[in-house]
Structures are given as structure tokens and as C-alpha cells.
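Residue numbers (our numbering): 691 to 1189.
Working notes for the structure below.
Shown next as C-alpha cells:
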């Protein structure tokens, strides 16, 4: 495959690449450059000339994103052109006299509101059905659009409303709005059809592990021997093709050891984080050397105590620093609250000695689980030599839900039964990056319960924010409202993620 361009993720951003001597190669396509590419010159992706299939080297989702972006630009640009006549009408004196006179002499495109339905001409009139401060929106706009006055004849207080005097809905503008709406419906429908074709084209042009692999989601508990699965699928394909040859390349058996996997993942994260913290005092080549890590942790804590003693014995803070600390006090409190929540959820460590203690505890748990627990098969991933072999296996083992649930053969051939008496539930495997490897042994009921709990918690916290934020904004102030809003935006994802 010849190279004309590629991209690589480094400190300078994605880059494309071309040969140093173009005459030595024929330019046919763009290729993603590997990290640290030095043999060929690299260049940044051009947002206008880079082919869509080259962007998909970062993943089909990236290609779909830029395809969506380009399509939406075209659709909404055309929709905007359809509304030019309405925009000119709303910017004219015929619609709003006051705005026309206030903006005379200005460059037409400097004020976008000039082309909107915002009306600048208003007058105060008596509102018979209004009640002062009877809703949230009235509280926000009461000073601008609501008022009171005493009737000079009756002496009673009346509520006034500041209404617009611009022309109301007109049939001509309504027709253009309906035309725009119909255009958007048709345009979005064509866009969906086009995106489906783009997705298929990008998927076919990009070969991935899922194109050669299948997933068995209901293996027998004791089917933990990869050789048994290889012999079964090789025999199955031999029956279908009439040729005895090895078609299975890889076989991975997932066990119900999610607790062990989570501990292993957490231990690796903690070790990496501890090494980063200790790098300020010393360099550790082997994090599994307990004596060396103990010494490094002790040295770190001694140096930190010395630094804290120097800070406490130093000069008092200046007036400027004290004033800045007072101004940013709400944000400091917010940061401490978020830090406390993340630490309690296990997202942040505390001190190196506490982190090292947690690593030792996790290591002991891992040893006990490896020694005493017996794990069962929860899923099996099988990768074939060719896509044809994968599709043949999917077709031969395609069973209905009734057959899988009852384990009673209806349409399947006898050689398609695992161990001659077990119906497998198989489908094309997902991409490795999309799998939750620590939750492969979860049952359908457990997944439903988790989704319901996540939905209830998310809905409850969202409802709480909807009820409290307007009250804070109206009855306290906008600064405190912004702090609470930021707090909600940070806390809600952390709580949902912890579930």
C-alpha cells in the first residue's frame, strides 16, 4: 500500500504524512502515521481536502462525525437561504419602526438581532388577568415587563404589562416558515439515509477484529478448555465446507472473575499513580519490590513534613493573598467537596503511605482469590482465519430465542450443537474497546437492574437541580447559582459512574 498522508497523535496534534521522495511511490491514499514517524514527512490534516475514508482511520465514529458536520452545514445553510425574505422583512421599518431608527447608520450585519423577530417597540397597557409575581418567569422579568399604576378615576392599583407593538403573525412569513420546516424534514430524512450508506461504506473499508470474531454468550459453566472450542468450530466448518482444515485462529474464554479483574486493574492504576507521586523524591524501577517502595514512601513523607514545617514557620500571608483567598473561597470549598467525593468513590488517592497500604491490601485479596476461588466460563470469543468462516459459523449456529432459552433443537443441525446437546447463543463480537471486560459475567436481570438504578438516580438528581436552581437564582443571587450549577455538573456524572 502506498502512502500519501497519515496522521499521528503527538504533542503537536494529528498530522498527515507524505513520502520524502514522491517519485519513489505512487500516491493513492492517505494513511494514519504511527507515533514517532520519522521516515516520511508529516503534515496536519486539511479539513477541506482530507478524504472521509482517511478520517475513519481514527475510528468509524470520527468519520461519521465529520460526515454529519458537513451534511448539517449544507442542510442548515440552505434552510437559512429560504428564510432570507423573512429576515429582510423583520429588519425593515414595516415590522419595527423603533429598531429601524435606532440602528440607522450601522453596518447591517453588525447586529444579528436586527434580522430576528425581537421587537424593540413597546407600550404599557393594563393587564386584566395578570397577577403580580405569580410565577418563576414573572419574577425574572418583573422589572422589565410588569409594573403597577393607580387608576386616577377609581383610585385602584392596576397591573401593567409592557407589550410589543410590532406586527403579529403574517400569512406570508408563516408560509416561508412552513416551507422551511418541510425542507428540514425532507433534508433530515435524506441525511439519515445518506449516513447509513456512509456507515456501511466506512465499515466495509475498515477491517477490524469484530469482522472475524464471534461471541458465545451462554457457554456451559465447565467449558473452560480453549482446545475443546477450537475442535468444535473446526469440526462445524468442516461439516459445512467438506474440508478438514483449521479455521480458528484465536479462542478467548472469559471467566466470571470480575472481582479479580477489578482488583488487578485497580492495583495497576494505584501502582502507576504511586510511582508518579514518588518520582519527586526517587526513581523506582521495580514497583513490586516491597522493601524499596516502603523506603521511598517513608522518604517522601519525611520530606513533606519538613516542607510543611517550613511553610508554617514562614511569614504570614500578605493582604492581597488574603483578599484573593476570600474572593475565591466558594470555588475552593467546591473543589474540596469534589475532591472528598472522588476520594470516597475511589477515584483519588490520599497520601502515598495510604495508597501503598491499599495496594498491599488489594494484592493480598488477589492472592486469596487466585488460590481458593473456582471460576466458570461466562463468555467465549472465537476469531477465525477469514470473514467467510465467521459468516458461515454465524449462519450455521443462528438459533431462535426460543431454542436458546429452552435448549430444544428445532431447525438447527445436529453438528451445530455444542457437545451434541447444547444450543449456543452467538452473534458477531463487538469491538474490543467497546467491551466492559469486568462485567461479561453479568446476567440479563443484573444489567436491567443496573440500568433502572442509574436511570432513577440520574432522573432524581436532575429533578433536584431543576427544582433548586431556579429558587437559588431568584431568591439568592446568580453567583451562588453558578457555583451550585457547576457542582451539579461535576457530581452527577461521578455518582452515575460509581454505580
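Where is the CB? At the ideal position from N, CA and C, for every residue including glycine.
Predicted model, so just to flag it, every value in this text is computed and none were measured.
Specify whether the region 845-863 and the region 743-757 touch according to this definition: at least 3 beta carbon pairs, one from each stretch, less than 8 Å apart.
The region 845-863 vs the region 743-757: no contact.
On the three-state DSSP scale, how would you describe residue 845?
Your numbering for residue 845 matches position 155 in the chain shown. Reduced to three states, the DSSP call for residue 845 is coil.
What do you get for residue 953, buried or exposed, if any count of 16 or more other CB atoms within 10 angstroms of its CB means buried?
Position 263 of the chain shown, counted from the first residue, corresponds to residue 953. Burial of residue 953 is indicated by the presence of at least 16 other C-beta atoms within 10 angstroms of its C-beta.
I need the straight-line Cα distance from residue 860 to residue 766, nearest angstrom please.
Along the chain shown, read from residue 1 onward, the residue named residue 860 stands at position 170. Along the chain shown, read from residue 1 onward, the residue named residue 766 stands at position 76. Their Cα atoms are separated by approximately 23 Å.
Mind checking who residue 1110 pairs with in its DSSP beta bridge?
Translated into positions along the chain shown, residue 1110 becomes position 420. For residue 1110, which the question treats as bridged, DSSP gives no partner whatsoever.
Closest by CA to residue 857, which one among 845, 807, 906?
Here residue 857 is taken as the residue at index 167 of the chain shown, counted from 1. Of 845, 807, 906, the residue nearest in Cα terms is 807.
Based on the DSSP output, what are the partners of residue 852 in its beta bridges?
Indexing the chain shown from 1 puts residue 852 at position 162. BP columns for residue 852 point to 814.
Take the Cβ of residue 890 as the centre, count every other Cβ of all protein chains shown within 10 Å, and call the residue buried at 16 or more, exposed below.
Residue 890 sits at position 200 when you count from the first residue of the chain shown. With a 10 Å radius around the Cβ and a threshold of 16 neighbouring Cβ atoms, residue 890 comes out exposed.
Sorted by chain position, which residues of the same chain lie with C-beta nearer than 7 Å to residue 839's C-beta, five sequence neighbours on each side aside?
As a first step, residue 839 must be located in the chain shown, where it is residue number 149. Result list for residue 839: 848, 850, in chain order.
Give me, in chain order, the residues of the same chain whose beta-carbon lies closer than 8 Å to that of residue 899; leave out the 5 immediate sequence neighbours on both sides.
Residue mapping note: residue 899 aligns to position 209 of the chain shown, counting from 1. Taken in chain order, the residues that qualify are 1073, 1119, 1121, 1122.
What's the C-alpha gap between residue 810 and residue 783?
For this step, residue 810 is matched to residue 120 along the chain shown. For this step, residue 783 is matched to residue 93 along the chain shown. For residue 810 and residue 783, the gap between their C-alpha atoms comes out near 11 Å.
Less than 9 Å separating the beta-carbons of residue 845 and residue 814?
Counting from 1 along the chain shown, the entry for residue 845 is found at position 155. Counting from 1 along the chain shown, the entry for residue 814 is found at position 124. Taking a C-beta distance under 9 Å as the contact criterion, residue 845 and residue 814 do not qualify as a contact pair.
Any idea which residues DSSP pairs residue 1117 with across the strands?
The residue labelled residue 1117 in the question sits at position 427 within the chain shown. The partner list for residue 1117 (beta bridge, DSSP) reads 905.
Quick one: what does DSSP say residue 950 is sitting in, helix, strand or coil?
For the purposes of this step, residue 950 is taken as the residue at position 260 of the chain shown. The answer is helix: DSSP assigns residue 950 an H, G or I state.
Measure from the C-beta of residue 741 to each C-beta in chain D and report whether the shortest distance is under 9 Å.
In the structure shown, chain D cannot be found, because there is only a single protein chain.
Would you kindly report the start and end of the unbroken alpha helix (DSSP H) that includes residue 1152?
As a first step, residue 1152 is located in the chain shown; it is residue number 462 there, counting from the start. Start and end: 1134-1165.
Given residue 1147 as reference, the closest of 729, 1185, 1113 once Cα atoms are compared:
Taking the chain shown and counting its residues from 1, the one referred to as residue 1147 is at position 457. The alpha carbon of residue 1147 has as its nearest neighbour, out of 729, 1185, 1113, the alpha carbon of 1185.
Of the listed residues 908, 958, 946, 1174, nearest to residue 1052 (C-alpha basis):
Your numbering for residue 1052 matches position 362 in the chain shown. Closest by alpha carbon: 958.
Please go through the region 919-966 and give each complete beta strand (DSSP E) segment of 3 or more residues, from N-terminal end onward.
For the beta strand (DSSP E) assignment, the uninterrupted runs of no fewer than 3 residues enclosed by the region 919-966 are, from N- to C-terminal side, 938-945.
Where does residue 1104 fall in DSSP's three states?
In the chain shown, residue 1104 corresponds to position 414, counting from 1. The answer is helix: DSSP assigns residue 1104 an H, G or I state.
Where do the ends of the beta strand (DSSP E) carrying residue 839 lie?
Your numbering for residue 839 matches position 149 in the chain shown. Run containing residue 839: 836-840, per the beta strand (DSSP E) assignment.
Do residue 769 and residue 877 count as a contact pair if the criterion is CB distance below 9 Å?
Residue numbering aside, residue 877 sits at position 187 when the chain shown is read from its first letter. Residue numbering aside, residue 769 sits at position 79 when the chain shown is read from its first letter. Cβ atoms of residue 877 and residue 769: closer than 9 Å.
Buried versus exposed call for residue 1169 [16 or more other C-beta atoms within 10 Å across all chains shown]
Counting from 1 along the chain shown, the entry for residue 1169 is found at position 479. With fewer than 16 Cβ atoms within 10 Å of its Cβ, residue 1169 is classed as exposed.
Ends of the alpha helix (DSSP H) at residue 758?
On the chain shown, residue 758 is found 68 positions in, with the first residue counted as 1. In the DSSP assignment, residue 758 falls within the unbroken alpha helix (DSSP H) covering 750-772.
Where does the unbroken alpha helix (DSSP H) through residue 876 begin, and where does it stop?
The sequence position of residue 876 within the chain shown is 186, counting from 1. Start and end: 861-895.
Quick one, are the C-beta atoms of residue 963 and residue 983 less than 9 Å apart?
Taking the chain shown and counting its residues from 1, the one referred to as residue 963 is at position 273. Taking the chain shown and counting its residues from 1, the one referred to as residue 983 is at position 293. Contact annotation: residue 963 and residue 983 have beta-carbon atoms that are not nearer than 9 Å.
Buried versus exposed, by CB contacts within 10 Å (16 or more), residue 1101
What you label residue 1101 is simply residue 411 of the chain shown in a count that begins at 1. When all chains shown are included, residue 1101 counts as exposed.
Give me the Cα-Cα distance between residue 812 and residue 1181, rounded to the nearest whole angstrom.
Taking the first residue of the chain shown as position 1, residue 812 is located at position 122. Taking the first residue of the chain shown as position 1, residue 1181 is located at position 491. C-alpha separation (whole angstroms): 43 Å.
Please determine if the region 1074-1088 and the region 927-947 are in contact, where contact requires at least 3 C-beta pairs separated by less than 8 Å.
Yes: at least three Cβ pairs fall under 8 Å.
Whether or not the region 1104-1115 and the region 975-990 are in contact is what I'm after, with contact meaning three or more pairs of Cβ atoms, one per stretch, closer than 8 Å; do they touch?
The answer is no - the region 1104-1115 does not touch the region 975-990, with fewer than three Cβ pairs under 8 Å.
Under the three-state reduction of DSSP, which class applies to residue 857: helix, strand or coil?
The residue given as residue 857 occupies position 167 in the chain shown. Secondary structure of residue 857 (DSSP, three-state): coil.
Roughly how many whole angstroms lie between the Cα atoms of residue 1139 and residue 1079?
Along the chain shown, one-based indexing puts residue 1139 at 449. Along the chain shown, one-based indexing puts residue 1079 at 389. A direct Cα-Cα distance of roughly 37 Å separates residue 1139 from residue 1079.
Decide if residue 903 is buried, meaning its Cβ has at least 16 other Cβ atoms within 10 Å, or exposed.
Within the chain shown, numbered from 1, the residue matching residue 903 stands at position 213. A residue is called buried when at least 16 other Cβ atoms come within 10 angstroms of its Cβ; residue 903 meets this threshold and is buried.
For residue 1059, does the three-state DSSP call read helix, strand or coil?
For the purposes of this step, residue 1059 is taken as the residue at position 369 of the chain shown. In the structure shown, residue 1059 sits in a helix (DSSP, three-state: H, G or I).
Residue 1143 to residue 1149 span [Cα, whole Å]
Looking up residue 1143 in the chain shown gives position 453. Looking up residue 1149 in the chain shown gives position 459. Their backbone Cα atoms lie some 10 Å apart in a straight line.
Tell me whether the beta-carbon of residue 758 lies closer than 9 Å to the beta-carbon of residue 881.
What you label residue 758 is simply residue 68 of the chain shown in a count that begins at 1. What you label residue 881 is simply residue 191 of the chain shown in a count that begins at 1. It is a contact, given that the beta carbons lie within the stated cut-off.
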